[in-house]
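Right, one structure below, let's go through it.
6 protein chains.
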Amino acid sequence: VVEQPFSHVDGDGKLRMVDISEKQATRRSADARCTVLSTVGPATLEAVTSRVDVIHAARLAGIQAAKQTANLIPLCHPLNLDDIQVNVSVTARGVDVESTVVTVHHTGVEMEALTACALAALSIVTSLLAVDPLAAVEDLVLMRKSGGRSGEWGRLVGQPQ
Amino acid sequence: VVEQPFSHVDGDGKLRMVDISEKQATRRSADARCTVLSTVGPATLEAVTSRVDVIHAARLAGIQAAKQTANLIPLCHPLNLDDIQVNVSVTARGVDVESTVVTVHHTGVEMEALTACALAALSIVTSLLAVDPLAAVEDLVLMRKSGGRSGEWGRLVGQPQ
Amino acid sequence: VVEQPFSHVDGDGKLRMVDISEKQATRRSADARCTVLSTVGPATLEAVTSRVDVIHAARLAGIQAAKQTANLIPLCHPLNLDDIQVNVSVTARGVDVESTVVTVHHTGVEMEALTACALAALSIVTSLLAVDPLAAVEDLVLMRKSGGRSGEWGRLVGQPQ
Amino acid sequence: VVEQPFSHVDGDGKLRMVDISEKQATRRSADARCTVLSTVGPATLEAVTSRVDVIHAARLAGIQAAKQTANLIPLCHPLNLDDIQVNVSVTARGVDVESTVVTVHHTGVEMEALTACALAALSIVTSLLAVDPLAAVEDLVLMRKSGGRSGEWGRLVGQPQ
Amino acid sequence: VVEQPFSHVDGDGKLRMVDISEKQATRRSADARCTVLSTVGPATLEAVTSRVDVIHAARLAGIQAAKQTANLIPLCHPLNLDDIQVNVSVTARGVDVESTVVTVHHTGVEMEALTACALAALSIVTSLLAVDPLAAVEDLVLMRKSGGRSGEWGRLVGQPQ
Amino acid sequence: VVEQPFSHVDGDGKLRMVDISEKQATRRSADARCTVLSTVGPATLEAVTSRVDVIHAARLAGIQAAKQTANLIPLCHPLNLDDIQVNVSVTARGVDVESTVVTVHHTGVEMEALTACALAALSIVTSLLAVDPLAAVEDLVLMRKSGGRSGEWGRLVGQPQ
Chain A
2 VVEQPFSHVD GDGKLRMVDI SEKQATRRSA DARCTVLSTV GPATLEAVTS
52 RVDVIHAARL AGIQAAKQTA NLIPLCHPLN LDDIQVNVSV TARGVDVEST
102 VVTVHHTGVE MEALTACALA ALSIVTSLLA VDPLAAVEDL VLMRKSGGRS
152 GEWGRLVGQP Q
Chain B
2 VVEQPFSHVD GDGKLRMVDI SEKQATRRSA DARCTVLSTV GPATLEAVTS
52 RVDVIHAARL AGIQAAKQTA NLIPLCHPLN LDDIQVNVSV TARGVDVEST
102 VVTVHHTGVE MEALTACALA ALSIVTSLLA VDPLAAVEDL VLMRKSGGRS
152 GEWGRLVGQP Q
Chain C
2 VVEQPFSHVD GDGKLRMVDI SEKQATRRSA DARCTVLSTV GPATLEAVTS
52 RVDVIHAARL AGIQAAKQTA NLIPLCHPLN LDDIQVNVSV TARGVDVEST
102 VVTVHHTGVE MEALTACALA ALSIVTSLLA VDPLAAVEDL VLMRKSGGRS
152 GEWGRLVGQP Q
Chain D
2 VVEQPFSHVD GDGKLRMVDI SEKQATRRSA DARCTVLSTV GPATLEAVTS
52 RVDVIHAARL AGIQAAKQTA NLIPLCHPLN LDDIQVNVSV TARGVDVEST
102 VVTVHHTGVE MEALTACALA ALSIVTSLLA VDPLAAVEDL VLMRKSGGRS
152 GEWGRLVGQP Q
Chain E
2 VVEQPFSHVD GDGKLRMVDI SEKQATRRSA DARCTVLSTV GPATLEAVTS
52 RVDVIHAARL AGIQAAKQTA NLIPLCHPLN LDDIQVNVSV TARGVDVEST
102 VVTVHHTGVE MEALTACALA ALSIVTSLLA VDPLAAVEDL VLMRKSGGRS
152 GEWGRLVGQP Q
Chain F
2 VVEQPFSHVD GDGKLRMVDI SEKQATRRSA DARCTVLSTV GPATLEAVTS
52 RVDVIHAARL AGIQAAKQTA NLIPLCHPLN LDDIQVNVSV TARGVDVEST
102 VVTVHHTGVE MEALTACALA ALSIVTSLLA VDPLAAVEDL VLMRKSGGRS
152 GEWGRLVGQP Q
């Protein structure tokens, strides 16, 4: 997957955006995920996270954040997004967040998928913080990408970090 | 620190913003942190993270993200921010990010500090991703808060999660 | 309530923002409302609007829009908001949207309340449009305001328009 | 015109964005309209609305709002816009607002046209409110759309609501 | 006026935001100006700049830009603005832009006034560019500031640059 | 280069956006530049501008500003950007800023290049202002454009203004 090692660094060692104008506009997608870990007991956790509107707010926060990726991360390109899905599921120890972002453009949407997960998770943390100030966002990672010159890439489940 | 358990939930069970208009406008601050873990070897990691402009870009991304918190997280209040500090330091296994946010207002800035860390970390991930698609953001947590009715709160170092 | 007739027009007839720096920072609130009228039959309308996530999305869209008021309406002042409530209720013929916005500042939040209602309503229209392209937003009005020099004002229910 | 009934609802009943990445990038346009009704007498109404800069501000507010549609309405896709026209005309009883938005993309711009009208109208309300707190935005509706699989659709003039 | 030399640099030489939370919230204002120089003849220049809507659009672009200052310039603090005035006047050789911004807060609004002028000028350049690609923005400077510990400061007219 | 004289003015004399939906989506680029002039002595100037993080912050501010162009200038079209480069170099009398912006779209990116330079320059002014309130942004001009029907255009070096 190492298409352009140090692609953000030019000959003079300055951080720079990558020129994508000569790349193909193809369908590209990326999946990301993270987990919100809670330290409160299962009953309290459930009291917060079983609330359907906490979950809905997190999904919408993730969708809206994906659209802001280029405004939040300097080297990301502003681009149209054709699909943004964010799923939130409650587990025994916290909340799992998964995202998929799709575009038809000259570059991938890995950072958009990661940004969607990060803000969906922080939206949940907002509701948890009053009862669990120790709540943590963990394992925010890219899971899969497809499209573009480097083609399909996937993280192995259970891969050590 | 449990000032308002379930403060975001009203009597009818709908998610709602908390009315802070009757609270005191006092100086409030919050610290947060997270780590970017890398799976590439130390030499490659250093090649990316020793670059001062990667670090600077991450600090500025964190600062600018803190200002967008209320636009990214639905239940957060739009408010003036009086200080935003983001520090980034390279370690043997990745990059540590720390933030401090300060306001003089009716509510705290915990989410602003967490959002600053999240985006500073993702800015670093942007530069790492081409050489390390397994890079992960871990341990995004609140470290300390002060001000307001609940006063000072601090996470114990080494506290289990 | 006619505190400053033509307050947005200066002596030379140019549209201008009002200088509020000498006004009192007092608690001010405003309520607004509107209705989404649907032309599809009650069963189809219910199939869309009974969905709790359509309602939640509308409430969050309204809350987030209120925060953008000064960026959307040139003469509005950028200001902190201390509370934003948006309620959505389904009726026989459509959907009612109500908002309340609160600030402690030098000016009122009437436009913030109206903007919250407008975008909450348009969020519902987004979901309705595929089955009812004739859906309409009606009666977007200010209902009440309080605080500031002009004090309390309320629209009479049933007042002709 | 019912191309995708309930297109925003997936099998599990969760609100979701529609994946448009497989649709054709064709020229699509949409027209919308609304009316600002005033309760003040014609002379006072004219004193406000005859001002060319009130009208210009409303047109620009509508144009700028159309560009923010995806940031304001969660299920809308961020996309390039190729044209945004907003026209404002004063009538005996208030102000009529009309918009046309055009894109060459995988989805239509109905919500962009509606959002342009809503904010152009609210920009006028801002100037009216000091003299007419009863001012109302009415009949915010889609008038016409073209392009895409469903082709041309138009609302009949005088159609009952 | 040298209140805080190198206030943006901390002991370790890293760019940082200044903590303003201990400063007084007083009324502060700033004026800035710039000029759009045109190379086309007076008749063509007049054909563009005599248009009242070009002037109005520039004034509104300046007002809206001032509100975005903290989002555009990393070290600026997000703050409420109590007044933003932008004036545009046509001269024999181009267009003069002047701005005044006011806040009641812990820091000044010099950058807000400069940002307002810059974007008002660029809005005019947008209309000029098709007939005069050589159009230039010149002399974008702070003219005056008041409030805060350093008090009143003014640039002398005709001061060499 | 006068492709569309008065292209922003319709038959009725109202400012309007140009419909670009029928234009070719071709690679288009634009270069702009400006200078920050300082009145402080060379040693003080160097103390500020030799700081690599002041330079980095300016480059990133310019990149992020280019992405906001359509939100800042009413008649600009929201569009994807495929590359944004901002270079900052210190001279004896101040700081030179140069930008290049690239898109593959129906319209050019001249205003994006100018906006990038303006905000990169103002980011430097932010750091200079405490020691040099007389600092000025000068000669903000378009240097070159390519692509589209009008093809290549370049400003002659040393061309009188």
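Chains A, B, C, D, E and F, in that order, are what the protein sequence lines are.
Just so you know, the numbering used here puts the end of the first sequence at 162, numbered straight through with nothing missing.
Just so you know, the numbering used here puts the end of the second sequence at 162, numbered straight through with nothing missing.
Just so you know, the numbering used here puts the end of the third sequence at 162, numbered straight through with nothing missing.
Just so you know, the numbering used here puts the end of the fourth sequence at 162, numbered straight through with nothing missing.
Just so you know, the numbering used here puts the end of the fifth sequence at 162, numbered straight through with nothing missing.
Just so you know, the numbering used here puts the end of the sixth sequence at 162, numbered straight through with nothing missing.
Where a beta carbon is used, it is the ideal one built from N, C-alpha and C, also for glycine.
Which residues in chain B have a C-beta closer than 7 angstroms to the C-beta of V184/F? List them in chain order. No answer is possible for residue 184/F: it lies beyond the span of chain F, which begins at 2 and ends at 162.
Let me know the secondary structure DSSP gives R219/D once reduced to three states. The structure shown does not extend to residue 219/D, since chain D is modelled only from 2 through 162, so no value can be given for it.
Is N72/C close to chain E? Criterion is C-beta to C-beta, closer than 9 angstroms. yes
Residue span of the beta strand (DSSP E) that contains E99/B, given as start and end: G95 to H106
Euclidean distance between Cα positions of P75/F and L130/C: Straight-line Cα distance between these residues: approximately 28 angstroms.
Within 10 Å of its beta-carbon, does P134/B have 16 or more other beta-carbons around it, so buried, or fewer, so exposed? buried
G1/D (DSSP reduced to helix, strand or coil): Chain D is shown from 2 up to 162; residue 1/D falls before or after that span and cannot be answered.
Which of helix, strand or coil DSSP assigns to T40/A: coil
At the 9 angstroms Cβ level, is S124/E part of the contact set with chain F, yes or no? So, interface residue.
Please compile the residues from chain D whose C-beta is within a distance smaller than 8 angstroms of the C-beta of Q65/A. N72 and P75
Interface residues of chain F facing A58/B [CB-CB closer than 8 angstroms]: Contact of A58/B with chain F by beta-carbon distance below 8 angstroms involves H57 and L61.
Could you say which of G63/D, A48/D, L61/D and T101/D lies nearest to R28/D if we only look at CA atoms? T101/D
Straight-line gap, P161/F to V89/F (C-alpha atoms, nearest Å): Reliability of the predicted coordinates at P161/F is poor, the pLDDT of 48 falling under 50, and the value obtained from them is presented with this limitation in mind. Approximately 24 angstroms, taken between the alpha carbons.
Using a C-beta cutoff of 9 angstroms, does A137/E count as contacting chain F? yes
Report the three-state DSSP secondary structure of C35/E (helix, strand or coil). strand
Measuring only between beta-carbons, confirm whether L82/B sits less than 9 angstroms from chain E. yes
Below 8 angstroms on the Cβ atoms is my guess for G63/E versus V98/E; work out the distance and round it to an integer in Å. 7 angstroms
According to DSSP, is I56/E helix, strand or coil? helix
Helix, strand or coil, according to DSSP, for T92/C in the structure here? coil
Give me the Cα-Cα distance between Q5/A and R150/A, rounded to the nearest whole angstrom. Because Q5/A sits at a pLDDT of 43, beneath the cut-off of 50, its placement in the model cannot be relied upon, and the following sentence gives the value as read from the coordinates. Whole-angstrom Cα-Cα distance: 11 angstroms.
Closest Cα partner of G42/F within the set A59/F, L61/F and G95/F: G95/F
According to DSSP, is S65/F helix, strand or coil? Note on residue identity: the sequence assigns Gln, not Ser, to residue 65/F. The three-state reading of DSSP puts Q65/F in helix, counting H, G and I together.
With distances taken between CB atoms, is the gap from L115/D to L143/D smaller than 9 angstroms? yes
Where does G155/A land, buried or exposed, given buried means 16+ other C-beta within 10 angstroms? exposed
I believe A175/B touches A119/A by the beta-carbon criterion, under 8 angstroms. Please report the beta-carbon distance rounded to the nearest angstrom. Within the shown structure, residues of chain B are numbered from 2 to 162, placing residue 175/B beyond reach of any answer.
Cutting at 6 angstroms between CB atoms, please list the residues of its own chain near V87/A, excluding the five before and the five after it. R60, G63, I64, S100, A117 and A121
Residues that T27/A bridges to, as DSSP identifies them: Paired residue(s): H106/A.
Looking at C-alpha atoms only, which residue of G148/E, A48/E, A33/E and G152/E is the closest neighbour of S39/E? The shortest C-alpha separation from S39/E is found at A48/E.
C-beta contact flag for I85/F and M112/A at 9 angstroms: no
Where D1/D and L141/E are concerned, what is the direct C-alpha to C-alpha distance, given to the nearest angstrom? Chain D is shown only over 2 to 162; residue 1/D falls outside these bounds and no answer can be derived.
Using CA atoms only, rank isn't needed, just tell me which of K146/B, V138/B, P79/B and G148/B is closest to V37/B. It is V138/B.
Counting only beta-carbon atoms, is E4/D nearer than 9 angstroms to chain A? At E4/D the pLDDT is 36, less than 50, meaning the model places this residue with poor confidence; the figure from the coordinates comes in the next sentence. With 9 angstroms as the cut-off, E4/D does not count as an interface residue toward chain A.
Beta-carbon of A121/A versus every beta-carbon of chain F: anything under 9 angstroms? The beta carbon of A121/A does not come within 9 angstroms of any beta carbon belonging to chain F, so the residue lies off that interface.
Run through DSSP, which three-state label would L120/B get? helix
How would you write the range of the alpha helix (DSSP H) that L73/D sits in, first residue to last? T70 to L73
So K68/B contacts chain E; which residues on that side make the cut at Cβ distance below 8 angstroms? A71, N72 and P79
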